[in-house]
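Numbering (our numbering), first residue to last: 524 to 859. C-beta atoms are modelled at their ideal positions from N, C-alpha and C, and glycine is treated no differently. Remember, predicted model here, so these are calculated numbers, not experimental data. Written below as structure tokens is the structure these notes are about.
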Ligand code: NAD
Ligand code: UDP
């Protein structure tokens with residue numbers, strides 16, 4: 524597998540994965556409509572890797588355009604990041620989420636089948652587990668969703684499994700990410716949410732920068748180590764390497780697979796904030812606020828399956844994550 528199509532390749536996880544793929548010797552063809560990113564990212568990627576990433580400003584839902592690209596590049600594998608990703612926004616605009624996230628996947632599947640693409644790797648999420656019945660979460664945990672974003676992930680997982688049953692020659696890897704944070708070590712790529720961040724790490728960074736007055740910690744009365752929510756934060760470069768490992772796995776061993784990509788460690792919101800302040804020597808003013816509707820108390824991965832079958836294991840520490848997030852935030856600035 525040499526030619527890899529990356530949908531959403533200009534985005535946060537897609538750009539880091541593109542770097543890892545180019546550095547591993549793959550040819551990368553990115554398709555992005557820049558609804559949440561900028562084409563400037565590709566200059567950075569090419570500069571960092573010394574290689575040329577081919578890219579197109581095309582909506583993945585546009586089946587004709589996508590088909591032309593896949594046919595022209597003799598694509599072997601598609602890594603599907605393109606989609607909307609804000610839970611709150613998905614509750615407000617469910618049709619927009621179903622339209623974009625589901626249709627882009629259907630379009631990609633059709634084009635992959637038409638062009639004999641061998642594998643699709645999909646960006647799923649730990650959100651598909653719903654409220655944990657036990658921890659750590661392994662891939663056998665029951666699945667549920669409570670909002671349109673989560674429903675999209677569940678539906679798309681099922682769609683891809685069904686496609687694999689009907690077309691076993693098209694291999695599928697469903698990668699369930701835990702909480703991606705951090706940035707490339709050059710600090711030239713990173714997470715740049717538009718407007719007010721929903722996620723914890725960008726909010727911490729913007730508060731440290733003085734763009735936000737204070738961080739609101741949503742709840743300190745959970746049944747956790749210090750009462751604040753616990754999550755499995757994973758460095759985006761580790762996550763990106765997980766995709767390279769999944770591609771290699773499918774080259775050797777075809778099929779339909781599901782893997783957690785997490786560290787296996789839970790860190791509380793307060794622990795993360797305190798580590799951020801200590802490592803970076805900056806203040807992050809915070810207040811305790813009420814629980815955020817829909818949040819679960821704690822969630823972390825059992826990453827053993829990925830370790831055993833992909834030979835992949837997260838390497839970066841929480842200290843690395845807070846350092847890299849902060850350095851990239853300072854270097855890249857805020858996207859308004
Ligand atoms: P992102 O918004 O930074 O990247 C997504 C990219 O897809 C953007 O560049 C956007 O412009 C593009 N895009 C969206 N719709 C498109 C379309 N129809 N056609 C072409 N391009 C389109 O998001 P991210 O954080 O990099 O997430 C990537 C994937 O990983 C998403 O599917 C997301 O749901 C999933 N995921 C993210 C997280 C997280 O916390 N970041 C956690 C679990 C899963
Ligand atoms: N959180 C917080 N303040 C914020 C954003 C998030 O306290 O401004 C908490 C949130 O309640 C959860 C954790 O940080 O316990 C991770 O939230 P995030 O939205 O980053 O990811 P999630 O796990 O919800 O997908």
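Secondary structure of residue i, DSSP reduced to three states
i           : result
residue 725 : helix
residue 855 : helix
residue 577 : strand
residue 756 : strand
residue 583 : coil
residue 763 : helix
residue 821 : strand
residue 834 : coil
residue 719 : coil
residue 748 : coil
residue 565 : helix
residue 711 : coil
residue 608 : coil
residue 617 : helix
residue 533 : coil
residue 735 : coil
residue 840 : coil
residue 776 : coil
Strand pairing of residue i, partner residues [DSSP]
i           : result
residue 783 : 699
residue 559 : Per DSSP, none; premise fails for residue 559.
residue 526 : 550
residue 600 : 527, 642
residue 740 : 811
residue 704 : 758
residue 829 : DSSP output for residue 829 lists no bridge partner at all.
Own chain, CB closer than 8 Å to residue i, minus 5 neighbours either side, in chain order
i           : result
residue 585 : 630
residue 611 : 721
residue 588 : 579, 581, 582
residue 617 : 671
residue 640 : 528, 593, 598, 599, 600, 601, 634, 693
Residue i: CB within 7 Å of a non-hydrogen atom of the ligand NAD
i           : result
residue 536 : yes
residue 756 : no
residue 530 : yes
residue 606 : yes
residue 710 : no
residue 560 : yes
residue 854 : no
residue 557 : yes
residue 763 : no
residue 822 : no
residue 782 : no
residue 674 : no
residue 848 : no
residue 554 : yes
Residue i Cβ short of 7 Å to the ligand UDP heavy atom set
i           : result
residue 752 : yes
residue 744 : no
residue 792 : yes
residue 818 : yes
residue 740 : yes
residue 815 : yes
residue 723 : yes
residue 670 : no
residue 621 : no
residue 726 : yes
residue 638 : no
Close beta carbons around residue i, own chain, < 6 Å, minus the five adjacent residues each side
i           : result
residue 837 : 757, 761, 786
residue 716 : 725
residue 632 : 686
residue 705 : 758, 759, 844, 847, 848
residue 556 : 582
residue 731 : 805, 807
Chain-order list of residues whose beta-carbon lies under 7 Å from that of residue i (same chain, five-residue window excluded)
i           : result
residue 767 : 543, 544, 547
residue 842 : 798, 802
residue 628 : 603, 679, 682
residue 576 : 541, 545, 551, 553, 565, 568, 569
residue 800 : 806, 807
residue 747 : 753, 791, 820, 821
Short CB-CB distance (under 8 Å) between residue i and chain C
i           : result
residue 748 : Of the protein chains in this structure there is only one, and it is not chain C.
Proximity test, residue i beta-carbon vs the ligand COA heavy atom, cut-off 7 Å
i           : result
residue 616 : Here the bound small molecules are the ligand NAD and the ligand UDP; the ligand COA is not part of this structure.
* Just list the beta strand (DSSP E) runs in the region 622 to 697, keeping only unbroken ones of 3 residues or longer that don't cross its boundaries, in chain order. => DSSP runs (the beta strand (DSSP E)) wholly in the region 622 to 697: 642 to 648.
* To do: List in chain order: all unbroken alpha helix (DSSP H) runs of 4+ residues lying wholly within the region 780 to 819.
  => Qualifying alpha helix (DSSP H) stretches, in chain order: 792 to 803.
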